[in-house]
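Residue numbers (this note's numbering): 2 to 282.
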DNA sequence: ATAAGGCCCTGACCGC
DNA sequence: TGCGGTCAGGGCCTTA
């Protein structure tokens with residue numbers, strides 16, 4: 002499940018090998034993967050393009066082309082970008098192949114087909130709705146408190162809202178809430194300012210640590226699809242305190258980690274370290 | 001405006 | 001062994 006740290010790792014891995022490479026041919030095997038433009042236009046416009054610069058916005062990968070356009074990639078659940086020799090046959094889950102001028106090909110594979118690619122001249126048409134970067138200067142306690150004010154939805158649900166803050170997904174929402182000692186079901190608008198400050202710091206802290214460890218690659222077969230472009234796993238899963246640890250002892254207090262569903266997402270927390278008791282709602 | 005639920009997809013897993 | 005049903009989930013869309 003690629004979230005911000007996994008996408009950041011992807012970009013750091015791809016930048017040195019992809020910079021300056023020219024696309025010489027494009028094949029699309031699953032048309033819905035291309036969000037915009039049409040598949041024909043996408044193939045036509047990508048051919049001859051040179052990868053020039055790389056960036057990230059939330060969970061979106063930005064592959065800047067020398068001609069000025071941007072190839073935007075969102076891996077969603079199970080998407081992967083990886084370089085293969087030109088002779089490598091596309092796997093059954095490979096949906097886009099871009100042959101490069103160095104004898105290799107950039108493959109986009111995605112088991113569940115949720116991921117999307119956009120080729121645009123103005124990135125803002127795709128990214129305009131996103132909230133601030135959680136590791137940037139715009140993500141402050143004052144900002145977050147202002148956005149949470151009056152909201153009755155759970156804090157976990159709002160952390161997952163990409164318009165609130167860009168790049169936090171299910172893993173890091175759970176881990177950040179544990180670090181901040183806040184119950185995921187707590188009504189967002191009734192958090193004390195001190196708790197919002199703690200949460201702000203916890204989100205940034207968890208994401209930084211996860212980037213340092215090249216993201217989370219879970220052993221559970223359902224989740225194992227995140228791998229770095231070279232196939233190696235990240236290692237932040239070893240640092241998870243609550244995510245996918247249902248029934249195991251809390252590393253801080255020893256109580257059993259519990260699971261509940263919030264915003265249709267599996268949610269993991271320690272009932273002792275993240276108490277809900279005493280709250281009216 | 002916010003909140004809640006369905007949808008897209010597939011493979012793992014479960015019960016019979 | 002085989003088979004049908006359930007589940008997981010990010011973002012987008014519809015509904016209330």
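Quick reminder that beta carbons are idealized off the backbone N, C-alpha and C, glycines included.
Alpha carbon of residue i to alpha carbon of residue j, nearest angstrom
i, j, result
"residue 77", "residue 117", "8 angstroms"
"residue 163", "residue 264", "14 angstroms"
"residue 254", "residue 274", "7 angstroms"
"residue 2", "residue 180", "20 angstroms"
"residue 224", "residue 30", "Low per-residue confidence applies at residue 224: pLDDT is 47, beneath 50, and the placement is therefore not dependable, though the value from the model is reported in the following sentence. Roughly 24 angstroms separates the two Cα atoms."
"residue 125", "residue 59", "13 angstroms"
"residue 271", "residue 204", "17 angstroms"
"residue 87", "residue 146", "51 angstroms"
"residue 242", "residue 14", "27 angstroms"
"residue 268", "residue 82", "28 angstroms"
"residue 46", "residue 18", "22 angstroms"
"residue 172", "residue 248", "17 angstroms"
"residue 89", "residue 51", "22 angstroms"
"residue 277", "residue 84", "47 angstroms"
"residue 48", "residue 131", "29 angstroms"
"residue 250", "residue 258", "6 angstroms"
"residue 123", "residue 137", "22 angstroms"
Alpha helix (DSSP H) segment containing residue i, residue limits
i, result
"residue 205", "194–213"
"residue 181", "171–181"
"residue 286", "With the chain covering 2 to 282 only, the question about residue 286 has no answer from this structure."
Beta-carbon spacing of residue i, residue j below 8 angstroms
i, j, result
"residue 200", "residue 177", "yes"
"residue 100", "residue 25", "yes"
"residue 217", "residue 235", "yes"
"residue 168", "residue 5", "yes"
"residue 64", "residue 57", "no"
"residue 260", "residue 237", "no"
"residue 156", "residue 135", "no"
"residue 120", "residue 38", "yes"
"residue 245", "residue 208", "no"
"residue 22", "residue 103", "yes"
"residue 174", "residue 161", "yes"
"residue 16", "residue 212", "no"
"residue 183", "residue 196", "yes"
The ligand MG heavy atom lying under 7 angstroms from the CB of residue i
i, result
"residue 6", "In the structure shown, the ligand MG is absent, as is every other ligand, since no ligand is present at all."
Expected contact under 8 angstroms - CB spacing of residue i and residue j to nearest Å
i, j, result
"residue 153", "residue 165", "Rounded, the Cβ-Cβ distance is 15 angstroms, inconsistent with contact."
"residue 96", "residue 79", "The pair is not a contact, with the Cβ atoms about 11 angstroms apart (cut-off 8 angstroms)."
"residue 53", "residue 67", "4 angstroms"
Pick from the options that is closest to residue i, judged by C-alpha positions
i, options, result
"residue 159", "252, 130, 143 and 189", "189"
"residue 286", "130, 211, 72 and 23", "The shown model of the chain, from 2 to 282, leaves out residue 286, and the question about it has no answer."
"residue 202", "141, 271, 233 and 219", "141"
"residue 113", "227, 231 and 133", "227"
"residue 115", "74, 18 and 89", "74"
"residue 170", "40, 27, 61 and 49", "61"
Endpoints, beta strand (DSSP E) assigned at residue i
i, result
"residue 25", "24–29"
"residue 19", "Here residue 19 belongs to no beta strand (DSSP E); instead the alpha helix (DSSP H) covers 5–19."
"residue 98", "95–101"
"residue 45", "It is not in any beta strand (DSSP E) - residue 45 instead sits in the alpha helix (DSSP H) that spans 40–47."
"residue 85", "80–86"
"residue 74", "71–75"
"residue 120", "117–121"
"residue 56", "52–58"
"residue 219", "No beta strand (DSSP E) holds residue 219; DSSP gives it neither H nor E."
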